[in-house]
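Inspection log for the structure reproduced underneath, given as structure tokens.
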Amino acid sequence: FVSLSETTPVFFRYVLHQPKPLKLVVTPASGDPDLYVSATYEHPSAARATWRSANVGKTEIIRISPGDAGFVVGSYYIGVSCLAACSFSVLAATGAVRLVDGEPQHGSGP
4 FVSLSETTPV FFRYVLHQPK PLKLVVTPAS GDPDLYVSAT YEHPSAARAT
54 WRSANVGKTE IIRISPGDAG FVVGSYYIGV SCLAACSFSV LAATGAVRLV
104 DGEPQHGSGP
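For the sequence shown, our numbering assigns the number 4 to the initial residue and increments by one for each residue that follows.
Okay, structure coming up:
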């Protein structure tokens, strides 16, 4: 889990190597994280994001598919921010994801 003790956002980068659908998920453990994604801005925010998900108190999910405006094969910049302290996990996947009890979420599906 990533923990933020204040309103400073955290950023990630995911590189898509093939034109496949991309799914990004932020799962809160505490607080209310919001998810922002851009293929242009390295530090996406509410004001500078192509895709955003900011549901109150819920898991944030963004799906990006070939044919969507803004879709690229290349880098996607991911920003997560909270209005107060929060903790969360981030998952990026291009296929089915198999979760194993007790193991962190990482990698991509088959």
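Glycine included, every Cβ here is placed at the ideal spot set by N, Cα and C.
> Skipping 5 residues on each side, what residues in its chain have a beta carbon closer than 6 Å to that of Val76?
Replying inline: Locating residue 76 in the sequence shown gives position 73, where the first residue counts as 1. Result list for Val76: Leu19 and Pro22, in chain order.
> With which residues is Asp37 paired in a DSSP beta bridge?
Replying inline: Your numbering for residue 37 matches position 34 in the sequence shown. Answer is Ser84, bridged to Asp37.
>> Check for me: the beta strand (DSSP E) holding Ser6 runs from which residue to which?
In response: Here the question's residue 6 lines up with position 3 in the sequence shown. Taken as a continuous stretch (DSSP letters only), the beta strand (DSSP E) holding Ser6 covers Val5 to Leu7.
>> What does the Cβ neighbour count give for Asp71, buried or exposed, with the cut at 16 atoms within 10 Å?
In response: Numbered from its first residue, the sequence shown carries residue 71 at position 68. It counts as exposed.
>> So, with DSSP's three-state summary, where would you put Phe74?
In response: As a first step, residue 74 must be located in the sequence shown, where it is residue number 71. Phe74: coil per DSSP, three-state reduction.
> On the premise that Ser68 lies in contact with Ala42, defined as a C-beta separation below 8 Å, what is that separation, rounded to the nearest angstrom?
Replying inline: As a first step, residue 42 must be located in the sequence shown, where it is residue number 39. As a first step, residue 68 must be located in the sequence shown, where it is residue number 65. Their Cβ separation, rounded to whole angstroms, is 13 Å, which puts Ala42 and Ser68 out of contact at 8 Å.
>> Taking DSSP's pairing of strands, which residues face Lys26 in a bridge?
In response: Your numbering for residue 26 matches position 23 in the sequence shown. Per DSSP, Arg66 and Ala96.
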